[in-house]
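Asks:
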Amino acid sequence: MLSSLNLNTILVLLVVVAIAPVILIFFLKKEVHGKAASYFSGLMVACFVYSISNVFELSMTSVFSKLLMLKSMYIGAVSFAPLVLLFTLIYTEREKWITSRRLYLLAIVPIVNLLLVWTNDYHTYFYSSFELVERGDFMMMVTGKGFGYWLHQCYTLLLLFVSLYLLLVRIREVPPADYKQVFMVILGLCFPFLVYILYLTIQGPILIDFITFSFLGTGAFFYLGLTRYNLFKIAPIAYRTLFDNMQEGVLVSDTSGGLITLNLAAANMLELKTINQKLALKVIQKGWPEINELLTCAEEYRMVEFSCEKNEILNWYLVSKSSIKGQNRQVVGSIILVRDITQEKLFQFEIQRSREEAEEANRAKSEFLANMSHEIRTPLNGVIGFTELLSNTQLNGQQIKYANTALNSANALLDLINDILDLAKIESGKSETNIYQLDLYEFLETILDVLSFQAHKKGLELILDLDPRIGNLVEADELKLKQVLINLLNNALKFTNKGQVILKLTLLDSHIEGDKDKLKIRFSVIDSGIGIPKEKQELIFDAFSQADSSTTKKFGGTGLGLTISNKLLKLLNSSIQLKSELDKGSEFFFDLDLIAHKTKGAKEDLSEWGEVLVVDANKISGKVTKSYCENLGFKVTHTPVITDGFFALENNTNISLVIFNNSIMGSNSVWTMQKMMEMVAERSSKVNFIAAVESIEQEVVVKNYNSIGCEAILYKPVTPKKLKKIFDGLLKTTTKKSSENPGDNDKALVSSNKKAFRLLIAEDNSVNRMLVKIYMQKMDPRAIIIEADDGEEALGIIRENSNIDLIITDINMPKLDGYELLKAVRAAPATSHIPVIGFTANAFKDESNEAKNSTFDGFLTKPVVQEKFQKTVSKWLNK
């Protein structure tokens, strides 16, 4: 076969043309160009098979050899058009059209044609005849065309037409900047398409098959499209897809203000049916002056918000311009982003309107609460004040019981009002934090003393377990912390029937930050009460909710305590946490970051007193008392059993102090202490006895302890300050010391040789005027009290009597309110020196601030009890 080859210039040229497309395959990177590279490679192989078979067919002279090469040419010929179509589908982003089923359908005609060609020896369906014609140095084969041949040609042209149509459609889908890429592929496709048509119209044999040269053009242009122009890369397609599908309108302009391209969203905003740059620019220049200004301005970045009417509807737009810089950092154009913000603007207007309505409703609620506070507290002031006065008069047992019941009911009503007002103040944002220095030990002692009566009445131990590492001076919001602790302790006492309630303070962390010592302290309230089931533990923090509906009937309460406490702690950057087990008790705790102050003076060491014996059946209470004593320098022994106490006292002669819990032996406790005293009576060193009694113990029990020689009475709950005070008292004297009786509240607080104190009370409620009058007369029976029904009458009295010593005025009065009266008093030189106390039923803080800003000398909130009244008024009375 090789001897029959005629190698001349034409054959060499055809060989080069056949091999060139295949070489391009080796310069492609499949990982970069993806499936497009695969179809391109298949296309180039098909071109090579056709072209090289054509070379061999020309170089051979025998019919058999030429016919064999002719059949081989059709392996590439039937594959060319389907591969071009697949390649085009990938390029035009219609890859989803390529399915397995469609691939099988696409291959049916090529396979049929191949079968017809290779079996043509047995039929005439593809070629009807063969004839050799001599043309110069070449023997040309002339064939007669059968049905299969024309089927192949028509199928090939059909697929090429479809591919061309898809490419033309693609031009309408992409912006002008991408036209070059599409034209490149169209040009590569046109070469074989035109040659096919030319080839079909020529009559007679053709020496050179120009289709092989067209394949070279297809390969070259497709290759350039794949490499130089970044066709089929993922990033450009992704950017194009993003650009086309953005909801915001995008305009791309050059440095001269000309519009290069825009996306579909921008066209829709401009009410254009198609993406047309020239038409879009005209629309912008005519009806969108804000965008037109951005197109022509030289600024690299600018943002504009504007509104325009569209179809009688006002629309809002946010337009931003950003410059595009080339590789040399020179500005080559701009991107203008147009965003429709109409819905956002409408939402913003709605929010603003809702905010104004909420603020107005909040103001109305605040005014309502202020008025309700005044209207409810004013009569309640009379109820509590006169009931307190009644309970201090000479009454029989039944009358005392009735009076105390009325007083407790009034205080319960006051607590309920305070809870509701506190919740309202927090939710309306009127509650603020006030951080200042306080004595933590005294603060805790005050809280526990208030609740001790309630605890001891139920037979419960109320215990303060205080970490000795925590100092007594800290910075905190006293009012809020007190309210939270009282709420938690009240709940614990309410739901505990036996055992104890513990207020425990634990130091979690301590570090120095700058010149401040910062502490993280855990406040825990632990009870041995009914506990809370797990499924109810979240519910109890909701307002007006309790763990069980039956609880409300059995224990009472509004269910507001924990809600208010949690909201108050939120202002202090904390929250309540809960550990609870049904029928075993609960622990509510929260952590606070506080600033500590060092206590001046060295820590006192009382170890020279000897050892201390604590006799207390409650292990927790005894352990806490032991810890407090050890912190003062004592060596301490605690025994929960009375017989062990006798044994320790008998065998340890170093014991010099005995702290004896009165509840250990009930009614026999006094007798038991007396027996202990008799045991140590003969010792050379004195043993001092301290009785720890409950706040509800009758006076006769205290007298009995004093009568047997008990040196001191310690009222529970035990606190570090109480113990220190007793130990200091024992150090100063060796005589027996009885517990101090409280002073008579009705005792006059001024001496009789002073001139009569003149008080003006301006109050529109006669009950409250009477109450203030009685309080004042109890403080100073000689006091002269002048009454006024309103501010106008009070001002007339003041102008006639400038020698008044004190004015107490209701802030909310008819005709002339408290602020106006104060202003008038301060304005007159003759009366500007008179102290004025504001008297109101409004519990809101902003009125308190207004009172302070109005230079009131004092401030009383209704209902006011006798002790608070005396404390406020006494500073001027004693002058």
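Residue 263 in our numbering sits at position 263 of the sequence shown, and the numbers go up by one each step. By construction, the Cβ of each residue, glycine as well, lies at the ideal position given by its N, Cα and C atoms.
1) Taking 8 Å as the limit between beta carbons, can you name the residues of its chain near V319, skipping five residues before and five after?
2) Give the single residue among K686, A36 and L438 whose Cα lies nearest to the Cα of I90.
3) May I ask you to report which of helix, strand or coil DSSP gives H152?
4) On the criterion of 16 or more Cβ atoms from any shown chain inside 10 Å, does K567 qualify as buried, or is it exposed?
5) Tell me which same chain residues have a C-beta within less than 8 Å of the C-beta of I186, skipping the five on either side of it?
6) Using the Cβ count rule (16 or more neighbours within 10 Å means buried), how would you classify K554?
7) What number of angstroms, rounded off, separates the C-alpha of S766 from the C-alpha of R355?
8) Can you check which of these residues, L479, V383, V252 and N315, is closest to S334 by C-alpha distance?
9) Please give the ranges of any alpha helix (DSSP H) in the stretch 599–652, keeping only runs that are unbroken, at least 4 residues long and fully inside the region.
10) Within the continuous alpha helix (DSSP H) that includes N768, where are the two ends?
11) Smallest Cα separation from S214: which of L771, F191 and L821?
12) If I659 and A692 are in contact, beta carbons under 8 Å, what's the gap, nearest whole angstrom?
13) Which partner residues does F590 have in the DSSP bridge list?
14) Between C710, P717 and R94, which has its C-alpha nearest L730's C-alpha?
15) Quick one: using the 10 Å Cβ neighbour count with 16 as the cut-off for buried, is F232 buried or exposed?
16) Taking G287 as part of the alpha helix (DSSP H), name the residues at either end of that continuous run.
17) Is it true that the CB of K815 sits closer than 8 Å to the CB of D790?
18) If V162 sits next to L103, beta carbons under 8 Å apart, how far is it from one beta carbon to the other, in whole angstroms?
19) For M141, write down the residues that DSSP places opposite it in a beta bridge.
20) Look at the alpha carbon of E535 and the alpha carbon of P835, and state the distance between them as a whole number of angstroms.
21) Just verifying my parser: in three-state terms, what is the DSSP assignment at M303?
22) What first and last residue would you give for the beta strand (DSSP E) that runs through G858?
23) Measure from the alpha carbon of V525 to the alpha carbon of each residue in L569, T563, Q577 and A476, then state which is nearest.
24) Using the Cα positions of I341 and Q247, report the straight-line distance between them to the nearest angstrom.
25) Mind reading off the beta-carbon distance from L569 to V484? Whole number of angstroms is fine, and I expect it under 8 Å.
26) Could you tell me the distance, in whole angstroms, from the CA atom of K321 to the CA atom of Y74?
27) According to the Cβ coordinates, are D810 and F856 closer than 8 Å?
28) How about Q454: is its Cβ closer than 7 Å to a heavy atom in the ligand COA?
29) Should V117 go down as buried or exposed, given a rule of 16 or more other Cβ atoms within 10 Å for buried?
30) Please report the residue range of the alpha helix (DSSP H) in which T261 lies.
31) At which residues does the beta strand (DSSP E) containing Y715 begin and terminate?
32) Given a cut-off of 8 Å, decide if A455 and L407 are closer than it, judged by their beta-carbon atoms.
33) By the DSSP assignment, the beta strand (DSSP E) with F317 in it spans what residues?
34) Among L795, M665 and I690, which residue has its Cα nearest to the Cα of E820?
35) Roughly how many angstroms separate the alpha carbons of S685 and S656, rounded to a whole number?
36) Considering only the beta carbon of each residue, do G144 and L24 sit closer than 8 Å?
Replies: A quick look at the data gives this:
1) By 1-based counting over the sequence shown, the position of residue 319 is 319. Cβ within range, chain order: E290, I291, L294, M303, V304, E305, F306, I336, L337, V338 and R339.
2) Locating residue 90 in the sequence shown gives position 90, where the first residue counts as 1. If we check each option's Cα against that of I90, A36 comes out closest.
3) Position 152 of the sequence shown, counted from the start, is the residue given in the question as residue 152. H152 falls in the helix class under three-state DSSP.
4) In the sequence shown, counting from the first residue as 1, residue 567 sits at position 567. The residue in question, K567, is buried, as its Cβ has 16 or more Cβ neighbours within 10 Å.
5) Stepping through the sequence shown from its first residue, residue 186 is reached at position 186. Cβ neighbours of I186 beyond the five flanking positions: L164, L167 and L168.
6) Reading the sequence shown from its first residue, position 554 is the one you call residue 554. Confidence in K554 is poor, its pLDDT being 46 and thus under 50, which makes the residue's placement unreliable; the coordinate value appears in the next sentence. By the neighbour-count rule (16 or more Cβ atoms within 10 Å), K554 is not buried but exposed.
7) Walking along the sequence shown from the start, residue 766 turns up at place 766. Walking along the sequence shown from the start, residue 355 turns up at place 355. Between S766 and R355, the C-alpha separation is close to 42 Å.
8) Indexing the sequence shown from 1 puts residue 334 at position 334. Comparing Cα-Cα distances from S334 to each of L479, V383, V252 and N315, the minimum goes to V252.
9) 619–631 and 642–651
10) Residue numbering aside, residue 768 sits at position 768 when the sequence shown is read from its first letter. Run containing N768: S766 to M779, per the alpha helix (DSSP H) assignment.
11) In the sequence shown, the residue the question calls residue 214 occupies position 214. Considering only alpha carbons, the answer is F191.
12) Reading the sequence shown from its first residue, position 659 is the one you call residue 659. Reading the sequence shown from its first residue, position 692 is the one you call residue 692. At roughly 6 Å, the Cβ-Cβ gap stays under 8 Å, so I659 and A692 are in contact.
13) Taking the first residue of the sequence shown as 1, we reach residue 590 at position 590. According to DSSP, which records beta bridges pairwise, F590 is partnered with F523.
14) Sequence index remark: in the sequence shown, residue 730 carries index 730 (1-based). That would be C710, whose Cα lies nearest to the Cα of L730.
15) As a position in the sequence shown, residue 232 is number 232, starting the count at 1. Because F232 carries a pLDDT of 43, less than 50, the predicted location of this residue cannot be relied on, and the following value inherits that uncertainty. Looking at its Cβ environment, which holds 16 or more other Cβ atoms inside 10 Å, F232 is buried.
16) Residue mapping note: residue 287 aligns to position 287 of the sequence shown, counting from 1. Looking at the DSSP string, the run of the alpha helix (DSSP H) that includes G287 is Q277 to G287.
17) Stepping through the sequence shown from its first residue, residue 790 is reached at position 790. Stepping through the sequence shown from its first residue, residue 815 is reached at position 815. Yes, Cβ-Cβ distance for D790 and K815 is below 8 Å.
18) Translated into the one-based positions of the sequence shown, residue 162 becomes position 162. Translated into the one-based positions of the sequence shown, residue 103 becomes position 103. 15 Å between Cβ atoms; not a contact.
19) Counting from 1 along the sequence shown, the entry for residue 141 is found at position 141. Answer is L132, bridged to M141.
20) Numbered from 1 along the sequence shown, position 535 holds the residue referred to as residue 535. Numbered from 1 along the sequence shown, position 835 holds the residue referred to as residue 835. Rounded to whole angstroms, E535 to P835 spans 57 Å at the Cα level.
21) Position 303 of the sequence shown, counting from 1, holds the residue named residue 303. DSSP places M303 in strand when its eight states are reduced to three.
22) One-based indexing of the sequence shown puts residue 858 at position 858. Here the beta strand (DSSP E) through G858 covers G858 to T861.
23) The residue you call residue 525 lines up with position 525 of the sequence shown. The shortest Cα separation from V525 among L569, T563, Q577 and A476 belongs to Q577.
24) Reading the sequence shown from its first residue, position 341 is the one you call residue 341. Reading the sequence shown from its first residue, position 247 is the one you call residue 247. Taking the straight line joining both Cα atoms gives about 11 Å.
25) One-based indexing of the sequence shown puts residue 569 at position 569. One-based indexing of the sequence shown puts residue 484 at position 484. Sure, about 6 Å apart at Cβ, within 8 Å.
26) Start at 1 with the first residue of the sequence shown, and residue 321 comes out as number 321. Start at 1 with the first residue of the sequence shown, and residue 74 comes out as number 74. Rounded to whole angstroms, K321 to Y74 spans 58 Å at the Cα level.
27) By 1-based counting over the sequence shown, the position of residue 810 is 810. By 1-based counting over the sequence shown, the position of residue 856 is 856. No. Outside cutoff.
28) The ligand COA is not part of this structure, which contains no ligands at all.
29) Start at 1 with the first residue of the sequence shown, and residue 117 comes out as number 117. Burial call: buried.
30) The count along the sequence shown starts at 1 and reaches residue 261 at position 261. That residue, T261, is in no alpha helix (DSSP H); its beta strand (DSSP E) goes L259 to L262.
31) As a first step, residue 715 must be located in the sequence shown, where it is residue number 715. It spans A712 to Y715 - the beta strand (DSSP E) in which Y715 sits, taken as one unbroken run.
32) Along the sequence shown, one-based indexing puts residue 407 at 407. Along the sequence shown, one-based indexing puts residue 455 at 455. No, these two residues do not count as a Cβ contact at 8 Å.
33) The residue labelled residue 317 in the question sits at position 317 within the sequence shown. Note that residue 317 is Tyr in the sequence shown here, rather than Phe. Start and end: I313 to K325.
34) Position 820 of the sequence shown, counted from the first residue, corresponds to residue 820. Of the listed residues, the one whose Cα sits closest to E820 is L795.
35) Position 685 of the sequence shown holds residue 685. Position 656 of the sequence shown holds residue 656. The alpha-carbon atoms of S685 and S656 are separated by roughly 7 Å.
36) Your numbering for residue 144 matches position 144 in the sequence shown. Your numbering for residue 24 matches position 24 in the sequence shown. Result no, Cβ atoms of G144 and L24 do not sit closer than 8 Å.
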